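In this note's numbering, the protein residues as written are 127 to 404. Have a look at the structure below before the remarks.
This is how it looks when you write it as structure tokens:
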């Protein structure tokens, strides 16, 4: 699933390609992607004629800021946006086509069909699910480590699950949580209530630093992720833990281990990340 760095990379490339365009028409080939309004024909009626003013991001969600509406899009596992000429063939995995006034097409394709689109009025978008459920985004101006620390310390959940909870921090997923905890030298099974202020400041600082570096590298391509221009991310070349099973730890040389945390594959160094003080 694309995480914050991948979605941010998509946002940046999309912004260059479609901001300033007018949506002339829309074709929806898989109506279940449209979650609001619940009638895909109504979705089409509302969005036709809208001007694409900007594209923002909150956590893993893309926010297309239109004249009167906000289109909230989640890529889920395999969703991709690409810009084509109408003469180019449309593959069977393209489920929504936005015809732009310039003559180009913005196509949304999704092999797994898990992606979602919600079209809200601008005010409604801020107060409605899914955005209303999200915690702070690490790149928002109001992101505050000091506000997050007590939320984590009140929880008896393990730290990996807390960091994956989008209501605590928006944007982290399996890859970047593994990388964050490796850098912070914290075992993923440590309970939130066991972590000191100092440990949590390190974790949260490392999370933002890891995300920042990943954005600079265009995200991480493990399987199929590419940006809107078809380019792979490069951060996979800098991973310390995720996907490094049996390779030597770059800090101490001990082989990286893989374990399950709430049924998620989790990569750790058992020497650098211990359960001491848990």
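All C-beta atoms, glycine included, are put in the ideal place defined by N, C-alpha and C. Computed from a predicted structure; not experimentally measured.
Run the CB neighbour count on residue i, radius 10 Å, all protein chains shown included, and call it buried at 16 or more, exposed below.
i, result
"residue 402", "exposed"
"residue 391", "exposed"
"residue 182", "exposed"
"residue 268", "exposed"
"residue 142", "exposed"
"residue 353", "buried"
Put residue i into one of helix, strand or coil per three-state DSSP.
i, result
"residue 230", "coil"
"residue 245", "strand"
"residue 132", "helix"
"residue 363", "helix"
"residue 446", "There is no way to answer for residue 446, as the model of the chain reaches only from 127 to 404."
"residue 188", "strand"
"residue 207", "strand"
"residue 154", "strand"
"residue 199", "strand"
"residue 237", "coil"
Just the C-alpha distance for residue i and residue j, rounded to the nearest angstrom, thanks.
i, j, result
"residue 433", "residue 366", "There is no way to answer for residue 433, as the model of the chain reaches only from 127 to 404."
"residue 219", "residue 398", "43 Å"
"residue 387", "residue 287", "8 Å"
"residue 176", "residue 371", "48 Å"
"residue 330", "residue 324", "10 Å"
"residue 223", "residue 154", "7 Å"
"residue 400", "residue 277", "23 Å"
"residue 280", "residue 344", "35 Å"
"residue 381", "residue 396", "8 Å"
"residue 166", "residue 157", "6 Å"
"residue 275", "residue 319", "10 Å"
"residue 68", "residue 248", "Beyond the ends of the chain as shown, which are 127 and 404, falls residue 68; an answer cannot be given."
"residue 273", "residue 328", "14 Å"
"residue 174", "residue 188", "19 Å"
"residue 244", "residue 145", "19 Å"
Query raised in the report: Three or more beta-carbon pairs under 8 Å between the segment 222 to 238 and the segment 199 to 213, yes or no?
Result: Look at the beta carbons and you see the segment 222 to 238 touching the segment 199 to 213: at least three pairs across the two are nearer than 8 Å.
Query raised in the report: Do three or more CB pairs link the segment 234 to 243 to the segment 272 to 287 at distances below 8 Å?
Result: These segments do not touch.
**Report entry** Three CB pairs or more closer than 8 Å across the segment 292 to 303 and the segment 127 to 135
**Finding:** These segments touch.
**Report entry** Cβ pair count under 8 Å reaching 3, the segment 257 to 276 against the segment 182 to 201
**Finding:** Flag = yes, the segment 257 to 276 and the segment 182 to 201 touch.
Requested in this report: Quick one: which unbroken alpha helix (DSSP H) runs of 4-plus residues sit fully inside the segment 294 to 382? Chain order, please.
Outcome: Here the runs fully enclosed are 300 to 310 and 323 to 342.
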